[in-house]
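Colleague:
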Amino acid sequence: MSDLFLYNSYTRQKEKFEPITPGYVGLYVCGPTVSGESHMGHARPYITFDIVNRYLQHLGYKVRYVRNITDAGHFEEEGREAEDKVATKAKLERLEPMELVTKYTNMFHWAMRLFNCIDPNIEPTATGHIIEQIDMIEKIIEKGYAYEKNGSVYFDVKKYAKDHPYGKLSGRVLEDLLETTRDLDGQEEKNNKVDFALWKNAPPEHIMRWNSPWGEGFPGWHIECSAMSSKYLGESFDIHGGGMDLQFPHHESEIAQSTVAHGHPPVRYWMHNNMITINGKKMGKSYNNVIKLSELFTGSHPILEQAYHPMVIRFYILQTHYRSTLDFSNEALQASEKALRRLWEAYEVLQKLQSNNGVAKDAALDEQVNKWCAECEDFMNDDLNTAKVIANLFEMAPVINGIKGGQVAANAISAEAYDNLRTTFKTYLEDIMGLQPMQVQQNNKLDQVMQLLVEIRKEARTRKDFATSDQIRNKLAEAGIQLKDEKDGSVSYTIE
RNA sequence: GGUCGCGUGGCCGAGUGGCUAGGCACAGGUCUGCAAAACCUCCUACAGCGGUUCGAAUCCGCUCGCGACCUCCA
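Below, the structure is given as structure tokens:
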């Protein structure tokens, strides 16, 4: 058995994974900002790290998976006027931040369920950890790496950079940053442009506000992850994940804050998934090119030619390595849909195959099958190469279908190889990659109706009444039910 | 402008020195009453130029094209 190697963004190389506490893994992933509906781009990190979580568990680790909900910040609901925030309005007329945040948190959870992502063990909210964040800020001030200005607190990056490797994660050089950072509102308060806010003084119209030693305000963006990850995973934990776009400034700032507060860097392995692009451009709110998940599932976006099942999206994402960009197109998604359908059907065929008595007639094929199965683990261990795992499963699909169709002898492979096939498909398809059948679960009554139709069609065919038999087949196809005439004369069906 | 990354066959995408992934589409065939499904076969690519090497999609250099981050961002 090979060892698990993960690409560590911090060192820019694949490293052997060794947890801090043998047998246990602390995994923290930056969760969504719930000020709006999740879009397709958001699907990638949560599916990617669901695989990380699942695979670590498969390897026998006890994983504590923490994924936060960013529900504090400067939120506005789309379509609402800025004056909604004015405090003079009646309470129920005003935007209530918690209402907005609850709505989008619920929608996020809905999508995660459909994607079959395992729930994190802890899903802390930023608003629920204001005290922890204030504590941490105070610690940083005590150590002399932060300063207060007009009710806001800023982290002193320049001072930190003197004796710490600031910029290592994101490949920045402080001098460059000092020159190139753009002018933004509120910058004049900072001692240096590169400093970032730990706490922000809330202007009167800001509706999210908490008391703090520095007056009413709200936490800076980066501090929540530092405070919550250390609370639930410890001051040193194994894996921190998130999208590549968070490397700077978010993760870089996290490292700086935690290093000062705790006296050492917080994370062993930094993992970053790449972006989903559309027409070559990153899908993101600021580019105005997002496809929301709800639109994706229903097909209700002008660019979409059809609705896409959550499992198709999941499979589509897994067909690409997580560190590569993934370009959206209807064509690509439709290809994934067909591919997944074929692979899943092979899996179902496999479950029904009868094992032979043990001896392999085709030693070469037998060996090949065992090799394909064994390789899956090596691929996963090589920085979670799900694309290669899927490719291997596809190599085995014709063997499975061939046995069923008679093109491959049933006793070509050994009983061991059969078991190996079954275990491999189950383990990788379901347990590790978290895929599920797309088909509607068949219920008993529908099945009885189907058996009746199949019987009528069979009789019609015997009479050579092909008009009737084809009508049954075609009408069912229109309804999304596909009949398949099997080699042995039986008829099976699949429902889309 | 600075930093980093990418450019693979009709499309999507693995792959980082030799063994020419995989999926989808196309074409041909087997099977079928006809189909569908399945199976078999076909399609042999690595932006361009130059270099290193016995050998490069893979390493180095240059050129062209694209993108990400530097601002909220998964």
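Using my numbering, the first residue of the first sequence is number 53, and each one after it goes up by one.
Using N, Cα and C, we set each Cβ at its ideal position, and we do this for glycine too.
All figures in this text were calculated on a predicted structure; none of them were measured in a lab.
Check each candidate in D499, K191, T476 and name the one with the smallest Cα separation from T546.
Modeller: Taking the first residue of the first sequence as position 1, residue 546 is located at position 494. T546 has its Cα closest to that of D499, out of D499, K191, T476.
Colleague: Please report how far the alpha carbon of C82 lies from the alpha carbon of K536, in whole angstroms.
Modeller: Here residue 82 refers to the residue found at position 30 when the first sequence is read from its first residue. Here residue 536 refers to the residue found at position 484 when the first sequence is read from its first residue. The alpha-carbon atoms of C82 and K536 are separated by roughly 46 Å.
Colleague: Have a look at I192, M150, N444, G454 and flag the residue whose alpha-carbon is nearest the alpha-carbon of F431.
Modeller: Position 379 of the first sequence, counted from the start, is the residue given in the question as residue 431. When the alpha-carbon of F431 is set against those of I192, M150, N444, G454, the nearest one is in N444.
Colleague: Let's test the definition: count the other Cβ atoms within 10 Å of the Cβ of A529 and tell me whether it reaches 16, buried, or not, exposed.
Modeller: Residue numbering aside, residue 529 sits at position 477 when the first sequence is read from its first letter. The residue in question, A529, is exposed, as its Cβ has fewer than 16 Cβ neighbours within 10 Å.
Colleague: Below 7 Å CB to CB, which residues in the same chain sit around K413 once its five sequence neighbours on both sides are set aside?
Modeller: Your numbering for residue 413 matches position 361 in the first sequence. For K413, where only same-chain residues beyond five positions count, the Cβ hits under 7 Å are A461, N463, A464.
Colleague: Is the region 178-197 touching the region 275-286 in the sense that three or more CB pairs, one from each, lie closer than 8 Å?
Modeller: yes
Colleague: So, for K390: in the same chain, excluding its five sequence neighbours on each side, which residues have a beta-carbon less than 6 Å away from its beta-carbon?
Modeller: Translated into the one-based positions of the first sequence, residue 390 becomes position 338. Cβ within range, chain order: n/a, list empty.
Colleague: What's the C-alpha gap between Y360 and A213?
Modeller: Within the first sequence, numbered from 1, the residue matching residue 360 stands at position 308. Within the first sequence, numbered from 1, the residue matching residue 213 stands at position 161. So the alpha carbons of these two residues sit roughly 47 Å apart.
Colleague: Where does H216 fall in DSSP's three states?
Modeller: Locating residue 216 in the first sequence gives position 164, where the first residue counts as 1. Here H216 sits in coil by DSSP.
Colleague: How big is the Cα-Cα spacing for Q185 and V205?
Modeller: Within the first sequence, the letter at position 133 stands for residue 185. Within the first sequence, the letter at position 153 stands for residue 205. The straight-line gap from Cα to Cα measures roughly 12 Å.
Colleague: Less than 8 Å between C-beta atoms, sequence neighbours within five positions excluded: which residues of the same chain meet that for H302?
Modeller: Within the first sequence, the letter at position 250 stands for residue 302. For H302, where only same-chain residues beyond five positions count, the Cβ hits under 8 Å are C82, W273, H274, C277, G294.
Colleague: For A313, which option in M335, M296, E287, D297 has the closest C-alpha, if you only look at C-alpha atoms?
Modeller: Translated into the one-based positions of the first sequence, residue 313 becomes position 261. Of the listed residues, the one whose Cα sits closest to A313 is E287.
Colleague: Where are the beta strand (DSSP E) runs, 3 residues long or more, that stay fully inside the region 359-394, in chain order?
Modeller: 378-380
Colleague: Consult DSSP for G458 and reduce its assignment to one of helix, strand or coil.
Modeller: One-based indexing of the first sequence puts residue 458 at position 406. It is coil, neither helix nor strand.
Colleague: With the cut-off set at 9 Å, would you say V441 and Y470 are in Cβ contact?
Modeller: The residue you call residue 441 lines up with position 389 of the first sequence. The residue you call residue 470 lines up with position 418 of the first sequence. Going by C-beta atoms, V441 is not nearer than 9 Å to Y470.
Colleague: Looking at the secondary structure, which residues open and close the beta strand (DSSP E) in which I121 lies?
Modeller: Position 69 of the first sequence, counted from the first residue, corresponds to residue 121. Where I121 is concerned, there is no enclosing beta strand (DSSP E), given that its DSSP letter is neither H nor E.
Colleague: For E194 versus P265, is the C-beta distance shorter than 9 Å?
Modeller: Along the first sequence, one-based indexing puts residue 194 at 142. Along the first sequence, one-based indexing puts residue 265 at 213. P265 is positioned such that its CB atom lies no closer than 9 Å to that of E194.
Colleague: Would you please state the rounded distance, in angstroms, between the beta carbons of N437 and T377? I believe it to be under 8 Å.
Modeller: Residue mapping note: residue 437 aligns to position 385 of the first sequence, counting from 1. Residue mapping note: residue 377 aligns to position 325 of the first sequence, counting from 1. Going by Cβ atoms, the distance from N437 to T377 rounds to 16 Å, so no, they are not a contact pair.
Colleague: Measure the CB-CB distance between F69 and L58 and report whether it falls below 9 Å.
Modeller: Within the first sequence, residue 69 is the residue found at index 17, counting from 1. Within the first sequence, residue 58 is the residue found at index 6, counting from 1. In contact: F69 and L58 (Cβ atoms closer than 9 Å).
Colleague: Exposed or buried, K333, counting other C-beta atoms within 10 Å across all chains shown (16 or more means buried)?
Modeller: For the purposes of this step, residue 333 is taken as the residue at position 281 of the first sequence. Burial state of K333 is exposed, judged by a 10 Å Cβ sphere holding fewer than 16 other Cβ atoms.
Colleague: Would you kindly check if the distance between the Cβ of P172 and the Cβ of V118 is under 9 Å?
Modeller: The residue you call residue 118 lines up with position 66 of the first sequence. The residue you call residue 172 lines up with position 120 of the first sequence. Against a cut-off of 9 Å, the Cβ pair of P172 and V118 comes out as a contact.
Colleague: Between E133 and the rest of its own chain, which residues show a CB-CB distance below 8 Å, the 5 nearest in sequence each way excluded?
Modeller: On the first sequence, residue 133 is found 81 positions in, with the first residue counted as 1. Its pLDDT being 47, under 50, E133 is placed unreliably in this model, and the coordinates cannot settle the point.
Colleague: Rounded to whole angstroms, how far is the Cβ of A308 from the Cβ of F207, which I believe are closer than 8 Å?
Modeller: In the first sequence, residue 308 corresponds to position 256, counting from 1. In the first sequence, residue 207 corresponds to position 155, counting from 1. 6 Å between Cβ atoms; contact.
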